[in-house]
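Below is one structure; the comments refer to it alone.
There are 2 protein chains.
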Amino acid sequence: MRQAGRSLPEYRRLREGISMLDSCTRPDLITEITLQPLRRYDVDAAILFSDIVVPLRAVGIDVDIKAGVGPVVETPVRTSKDLERLRALEPGDVPYVTEAVGALVAELDERPLIGFAGGPFTLASYLVEGGPSKNHDKTKALMYGEPELWHALLGRLADITISFLQIQVAAGASAVQLFDSWVGAVGPDDYRQAILPHTRRIFAALGEKAGGVPRIHFGVGTGELLGLMGEAGADVVGVDWRIPLDEAVRRVEPGKALQGNLDPAILLAPWEVIEERARDVLARGRTAEGHVFNLGHGVLPETDPDVLARLADLVHAESVRTPA
Amino acid sequence: MRQAGRSLPEYRRLREGISMLDSCTRPDLITEITLQPLRRYDVDAAILFSDIVVPLRAVGIDVDIKAGVGPVVETPVRTSKDLERLRALEPGDVPYVTEAVGALVAELDERPLIGFAGGPFTLASYLVEGGPSKNHDKTKALMYGEPELWHALLGRLADITISFLQIQVAAGASAVQLFDSWVGAVGPDDYRQAILPHTRRIFAALGEKAGGVPRIHFGVGTGELLGLMGEAGADVVGVDWRIPLDEAVRRVEPGKALQGNLDPAILLAPWEVIEERARDVLARGRTAEGHVFNLGHGVLPETDPDVLARLADLVHAESVRTPA
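For the record, the sequence lines run as chains C and B. Just so you know, we're using my numbering here: the first sequence kicks off at 1 and counts up by one. Just so you know, we're using my numbering here: the second sequence kicks off at 1001 and counts up by one.
What follows is the structure in structure tokens.
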């Protein structure tokens, strides 16, 4: 249940007067914010509090997260000359991540910590557009019009992402989740040609070199891409709420697990509706070789934390709990 | 090719100092703006220049279209009391539409004019949220939590939409297109239960009572809904670019035609790329019982008009032109 924080009063209190990127670069805050939802909810894992632009900022990109807007890149990346600004990420660039992951793993004991990074299309979009974008026009113009530059850009982003996730695994993260949030903006042919090779390299580097942790992959509106996201090397394919989970199962090759897919907006409905829908997701999930119950996207800020607690309990009561 | 205007210098000149809603309520401007793309492009039909909120404003909803934001509803519709504000639409409420359609049909001669209206989910979202929305939270909270109020709201919106489209057909429009732009925000079960009955009523009213014009239906990100959109009574199901057109064909019942589905962002790429992709869409479209070539969404503002002209010529050269 990503972004659970923004619905929690204790999170909002903690963040008062502290910018998003400051809170992602202070080990004490990363640790505390990661733990907050676990004090309320009986969930099976924690996910590292971070932001997809953290490793970009760490290598010197002039990105900031503006409240109510999102990540804004002062000097967009649009030429091969610009690529030089995307240098390799070293552990020394993100000491706060190493420190926070270590503290969290000690604190969490048996409960696994999931590492966190943004996926290559989404990172490229923020860098090329210079900020959030409705249609990703400039990004796609580069993808369609300058394939060599595109692949060079995604290659550098994959390098940074591999390093960022390996740092988290080295510090004790038990799994990783790669959020290519906006990759659903492209169709399957473009995904296969322009994005998959880079995602595959990221997942391969984590499978072989970093102790073989489970790899989760997620994007919004990716109904047509689920099979390819599995082919890219994800062990668990995240699914939003637009596609019934049993249909999603049919689109992913055997041997993969699925994660999802309750519409976060359902949590704003009366409990009877939530319960019925959660049971439906669980039932459809039983058609998969493995199913990690989750929302189909981040927790909406206006969600009642007590409803989330009740949902976590319902899911545990209904499903077989497997040891970590 | 909807929203072609915003890429045309002559459109931007004409609109200078005139608000969007003013331009949608002046017959001379509706007519001129509808015709502008046809002077540049050898397209097979014109689509009426309008906005989905025009009929809402005509029945007295305090909606305005703010530049750079979109439709903003001063007093949102969220209770059964609020529904009273959604009274029936009469021809006398939109004389400018009747006048403009009449003038256009005379001017267009053999070339068909496609009527235009917004679909029930999208209209409901603007009314309930009070403006554009990323997640449609309040809309879905109402849909999930207060189904009776939801169906009453969509029933009134369907009445208004039926009337708005019948007025256009009575004035001479040869076909209608219903844009439920954001309906892809819900999954198929919700679509079937909460939206389809209202869309079906709209299409049925146009089939029986209004001379049986062809009915086109479109929404963004509707890969999982295409079959249901056909079941709702569309003769032509519009498809965005996220799903390969031949796969879309397999999701729609026999007897339906498809429309789409070139990614509008491809038009920002070099001509060789555009040509290859356009031919690919045409080839996949040949697997359908009928295919209306189109972009998968509106024209992007930064599109070069000469590229659109070249695309229209390519499509005509490649496809069999059927008489109107």
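The beta carbon of each residue, even a glycine, is placed where N, CA and C say it ideally should be.
- Rounded to whole angstroms, the gap between the alpha carbons of B:Glu1318 and C:Thr199 is 37 Å.
- The residue among C:Asp44, C:Val72, C:Arg215 with its C-alpha nearest the C-alpha of C:Arg111 is C:Asp44.
- In chain order, Ile52, Gly118, Gly119, Thr122, Phe218, Gly219, Val220 place their CB closer than 8 Å to the CB of C:Ser181, counting only its own chain and leaving out the 5 sequence neighbours on each side.
- At a beta-carbon threshold of 8 Å, none of the residues of chain C lie near B:Tyr1041; the nearest stands roughly 21 Å away.
- Listed along the chain, the chain C residues whose CB falls inside 8 Å of the CB of B:Lys1256 amount to none; the nearest CB is some 20 Å away.
- The DSSP-derived three-state label of C:Leu262 is strand.
- Membership of C:Val176 in the beta strand (DSSP E) is indicated by the continuous run 175-179.
- A residue is called buried once 16 or more other Cβ atoms fall within 10 Å of its Cβ, and C:Ile243 is buried on that count.
- In this structure C:Ala283 is not in contact with C:Leu258, their Cβ atoms being roughly 13 Å apart against a cut-off of 8 Å.
- Of all residues in the stretch 276-304 of chain C, only Leu300, Glu302 place a beta-carbon less than 7 Å from a beta-carbon of chain B.
- In the pairwise beta carbon analysis, the stretch 27-35 of chain C is classified as touching the stretch 96-111 of chain C: at least three pairs are separated by under 8 Å.
- For C:Ala269, the nearest CB of chain B lies under 8 Å from its own CB, placing it at the interface with that chain.
- Not a single CB atom of chain C sits nearer than 8 Å to the CB of B:Trp1150.
- Only those residues of the stretch 1222-1249 of chain B whose C-beta falls short of 7 Å from the nearest C-beta of chain C are listed: Gly1223, Glu1224, Trp1241, Arg1242, Ile1243, Pro1244.
- In this structure, the CA atom of C:Arg40 is about 14 Å from the CA atom of C:Ile47.
- In this structure, C:Thr25 is the residue among C:Lys138, C:Thr25, C:Arg87 with its C-alpha nearest to the C-alpha of C:Thr98.
- Where B:Gly1227 is concerned, the enclosing alpha helix (DSSP H) starts and stops at 1226-1231.
- Closer than 8 Å to the CB of C:Val128 there is not a single CB belonging to chain B.
- Contact annotation: C:Val77 and C:Leu153 have beta-carbon atoms nearer than 8 Å.
- When C-beta atoms of the stretch 259-278 of chain C are compared with those of the stretch 1142-1162 of chain B, three or more pairs fall below 8 Å, so the two segments count as touching.
- Look at B:Lys1081: its C-beta is not under 8 Å from any C-beta on chain C.
- Excluding sequence positions up to five before and after C:Arg57, its CB lies within less than 7 Å of the CB of Leu21, Val63, all in the same chain and listed in chain order.
- When the Cα atoms are used, B:Val1236 and C:Arg251 turn out to be separated by approximately 26 Å.
- With a cut-off of 8 Å on Cβ pairs, the stretch 187-202 of chain C is in contact with the stretch 221-228 of chain C, counting three or more such pairs.
- Taking 8 Å as the threshold, the shortest C-beta distance from B:Ala1124 to chain C does not fall below it.
- Secondary structure at B:Leu1086: coil, using DSSP grouped into helix, strand and coil.
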